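Numbering (the numbering used here), first residue to last: 115 to 394.
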């Protein structure tokens, strides 16, 4: 029955439940002629009559009754899936806009922000201009620059700190090469320098922050990494003889009226709890 059209089966089930081709067509929003063609096409595929016409309307044949019973479970499942889909798609969506280093962290600790029973959805995206928050109450922005104008609420959630790290197996006596990060248009990185020093030997460039971390772990070279990456990874150590470091305060900003929305309030609390612990 893989070649059967579910739309034809739905019309068949409507005719069977209503006993009338016209009423079934009205309920489906199609013409009676179209409904009739769908039933005939289904009968052609199955090679059997599904209805017999009586003075009272259409009655199921024995074969039609069997088909109705066999498709009942499928109809229930399809109905449940449609109900689930409609419910999920109608849930409010909150966007968390953040630098690439924070995105990396949120992906790995996401269940501390959201779980399947939450009545909202979450998207993690690149940083946006703070002015967007004035017109969109569904965005939470993690930024190094605290917005100072407009109806925005801003709270400091910690400081992103980092230093150069290498893999334990990396031979720092003979190798001194660096790994750089190609920044995507529209993205923001806080750990990577705008340009390396003239004496830095950059041999490898990563297309993503996740790729950068993987290259360091893979013994490719040294790179500036947040301490929540390097210090927490047993396979990495601080690079010798390099005192450079970075420290950047981070703020969580949202529309001033958005906190009254349940999903915004919940996510703000969870973000502050997670990031204030990690960004010490």
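Cβ coordinates follow ideal geometry from the N, Cα and C atoms, glycine included. Keep in mind the model is a prediction, meaning the values are calculated, not measured.
Practice prompt. Sort 325, 306 and 293 by Cα distance to residue 316 and report the nearest one.
Written response: Walking along the chain shown from the start, residue 316 turns up at place 202. For residue 316, the nearest C-alpha among the options comes from 293.
Handout entry: Boundaries (first-last residue) of the alpha helix (DSSP H) holding residue 357
Key = To locate residue 357, count along the chain shown from 1; it is residue 243. No alpha helix (DSSP H) holds residue 357; DSSP gives it neither H nor E.
Problem - Residue burial classification, residue 376 (beta-carbon count within 10 angstroms, cutoff 16) - result: As a first step, residue 376 must be located in the chain shown, where it is residue number 262. By the neighbour-count rule (16 or more Cβ atoms within 10 Å), residue 376 is not buried but exposed.
Exercise for the section: Give the secondary structure of residue 185 by DSSP, where H, G and I count as helix, E and B as strand, and everything else as coil. Expected result: Numbered from its first residue, the chain shown carries residue 185 at position 71. In this structure, residue 185 counts as helix in the three-state DSSP scheme.
**Prompt:** If we ignore side chains and look at the alpha-carbon of each, how far apart do residue 297 and residue 239 end up?
**Reply:** In the chain shown, counting from the first residue as 1, residue 297 sits at position 183. In the chain shown, counting from the first residue as 1, residue 239 sits at position 125. Cα to Cα, the separation comes out at about 14 Å.
Residue 214 in three-state terms, based on DSSP = Taking the chain shown and counting its residues from 1, the one referred to as residue 214 is at position 100. DSSP places residue 214 in helix when its eight states are reduced to three.
query = Going by DSSP, what residues sit across from residue 165 in a beta bridge?
reply = Along the chain shown, read from residue 1 onward, the residue named residue 165 stands at position 51. Answer is 174.
Contact defined as beta carbons within less than 8 Å: I believe residue 365 pairs with residue 271. What is the distance between those atoms, to the nearest angstrom?
Walking along the chain shown from the start, residue 365 turns up at place 251. Walking along the chain shown from the start, residue 271 turns up at place 157. About 7 Å separates the two Cβ atoms, so the contact holds.
Handout entry: Identity of the residue in 243, 354 and 227 nearest residue 300 by Cα
Key = Within the chain shown, residue 300 is the residue found at index 186, counting from 1. Looking from the CA of residue 300, the closest CA among 243, 354 and 227 belongs to 243.
Exercise for the section: Give a yes or no on whether the C-beta atoms belonging to residue 255 and residue 368 are separated by under 9 Å. Expected result: The residue you call residue 255 lines up with position 141 of the chain shown. The residue you call residue 368 lines up with position 254 of the chain shown. Taking 9 Å as the Cβ cut-off, residue 255 and residue 368 qualify as a contacting pair.
Using the Cβ count rule (16 or more neighbours within 10 Å means buried), how would you classify residue 221? For the purposes of this step, residue 221 is taken as residue 107 along the chain shown, with counting starting at 1. The residue is exposed, with fewer than 16 neighbouring Cβ atoms inside 10 Å.
Starting from residue 120, trace the alpha helix (DSSP H) both ways and give me its first and last residue. The residue you call residue 120 lines up with position 6 of the chain shown. 120-132 is the span of the alpha helix (DSSP H), which, as asked, contains residue 120.
_Within 10 Å of its beta-carbon, does residue 247 have 16 or more other beta-carbons around it, so buried, or fewer, so exposed?_
For the purposes of this step, residue 247 is taken as residue 133 along the chain shown, with counting starting at 1. Label assigned to residue 247: buried.
Taking its Cβ as the centre, do 16 or more other Cβ atoms sit within 10 Å of residue 374, making it buried, or is it exposed?
If you number the chain shown from 1, residue 374 lands on position 260. Classification for residue 374: exposed.
Check: In whole angstroms, what is the alpha-carbon distance linking residue 149 and residue 139?
Finding: Working through the chain shown from its first residue, we reach residue 149 at position 35. Working through the chain shown from its first residue, we reach residue 139 at position 25. Near 6 Å, if we compare the C-alpha coordinates of residue 139 and residue 149.
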